[in-house]
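In this note's numbering, the protein residues as written are 1 to 293.
Cβ atoms here follow ideal geometry from the backbone N, Cα and C, with glycine treated the same way.
Below: one structure, written as structure tokens.
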């Protein structure tokens, strides 16, 4: 009997050679890795719940490996390992037997992995993912599995030193209490001395302020990072002070995009196009190729 598919931290740190940090949500990026890890964890929890029923135990049913299946999500194809039972009676609810499309999964995955999700929020997202009425016992089992996996990824140990850390945010739509709301999702991406990048954490916060970033810096330090050489930020008020309060030797650098945007204020409208082209050329020469994981 094949062993149960277990969550691996390395899955979330898969290297994406030659990609920019902002491509982690594109095809084959971090989002696809998160979707695969979480979907397979949920499917295996479903099978555990199925095998735990009395009639299945009486019949001596057990696990019987997994079969490969390709499903289509909002961002492309996703290769999943669908677990099987020995007597062939297990029919997963998350991805039905003949289901090939998995719409609406991307934003829910981001929300499930982000900070600030309560148990009630997680249960609501899972009900939306399934799209059918499932038993409270299954909801509870899957919720526990999802929370355990998300917590393991969020609390994983980090490298002692990062050459560069990038901090930025984006706004996404998330269903909250029956309504779709725009929420800010913040990312911390660290570059090792080898040139590899990894996503250090994802946070959902209503407002971006010095107290929030101070909490993020403290969390990163508590997870094993003792020094940061360069911190690249977009320059909100109080952010550099929050970084230096935890990493006093870090050099805070405003992102190239923001530097170009600010420098354009001193160029006339007629010369702005040429100034933009020259600035982009200088920024491309300044940034060396790197790999992202």
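With residue i as the anchor, note down where its beta strand (DSSP E) starts and where it stops.
{"i": "residue 64", "result": "63 to 73"}
{"i": "residue 214", "result": "It is not in any beta strand (DSSP E) - residue 214 instead sits in the alpha helix (DSSP H) that spans 210 to 222."}
{"i": "residue 197", "result": "196 to 205"}
Terminal residues of the continuous alpha helix (DSSP H) containing residue i?
{"i": "residue 147", "result": "136 to 154"}
{"i": "residue 57", "result": "54 to 58"}
{"i": "residue 110", "result": "105 to 113"}
{"i": "residue 130", "result": "119 to 130"}
Does DSSP classify residue i as helix, strand or coil?
{"i": "residue 79", "result": "strand"}
{"i": "residue 172", "result": "strand"}
{"i": "residue 234", "result": "coil"}
{"i": "residue 240", "result": "helix"}
{"i": "residue 182", "result": "strand"}
{"i": "residue 254", "result": "strand"}
{"i": "residue 229", "result": "strand"}
{"i": "residue 6", "result": "Below a pLDDT of 50, predicted positions are generally treated as unreliable, and residue 6, at 40, falls in that range; no measurement from the model is reported."}
{"i": "residue 1", "result": "The pLDDT assigned to residue 1 is 34, lower than 50, so where the model puts this residue is not dependable; a value taken from the coordinates is nonetheless given after this. In this structure, residue 1 counts as coil in the three-state DSSP scheme."}
{"i": "residue 247", "result": "coil"}
{"i": "residue 91", "result": "coil"}
{"i": "residue 270", "result": "coil"}
{"i": "residue 193", "result": "coil"}
{"i": "residue 293", "result": "For residue 293, the predicted model reports a pLDDT of 40, less than 50, meaning its position is unreliable; a value from the coordinates is still stated below. Looking at residue 293 - three-state DSSP - the assignment turns out to be coil, as it is neither helix nor strand."}
{"i": "residue 37", "result": "helix"}
Give the DSSP bridge partners of residue i, in chain order.
{"i": "residue 167", "result": "188"}
{"i": "residue 42", "result": "According to DSSP, residue 42 bridges with nothing at all."}
{"i": "residue 101", "result": "72"}
{"i": "residue 85", "result": "63"}
{"i": "residue 161", "result": "227"}
Looking at residue i and the ligand FMN, is the gap between the Cβ and the nearest heavy atom below 6 Å?
{"i": "residue 232", "result": "This structure lacks the ligand FMN; in fact it carries no ligand of any kind."}
Nearest chain D C-beta to residue i closer than 7 Å, yes or no?
{"i": "residue 48", "result": "In summary, chain D is missing from the structure at hand, where a single protein chain is found."}
Quick check: the segment 38 to 47 against the segment 136 to 154, are there 3 or more CB pairs under 8 Å?
yes
Check whether the segment 157 to 169 and the segment 117 to 132 touch, using three or more Cβ-Cβ pairs below 8 Å as the test.
no
Is there contact here, the segment 177 to 190 with the segment 238 to 248, by at least three beta-carbon pairs under 8 Å?
In this structure the segment 177 to 190 does not lie against the segment 238 to 248, because fewer than three pairs of beta carbons, one per stretch, are closer than 8 Å.
With three or more beta-carbon pairs closer than 8 Å as the criterion, would you say the segment 50 to 64 touches the segment 95 to 108?
Touching, no.
So, do the segment 149 to 160 and the segment 223 to 236 have three or more beta carbon pairs nearer to each other than 8 Å?
Touching, per the Cβ criterion.
Three or more C-beta pairs closer than 8 Å, one from the segment 61 to 68 and one from the segment 77 to 90: is that the case here?
yes
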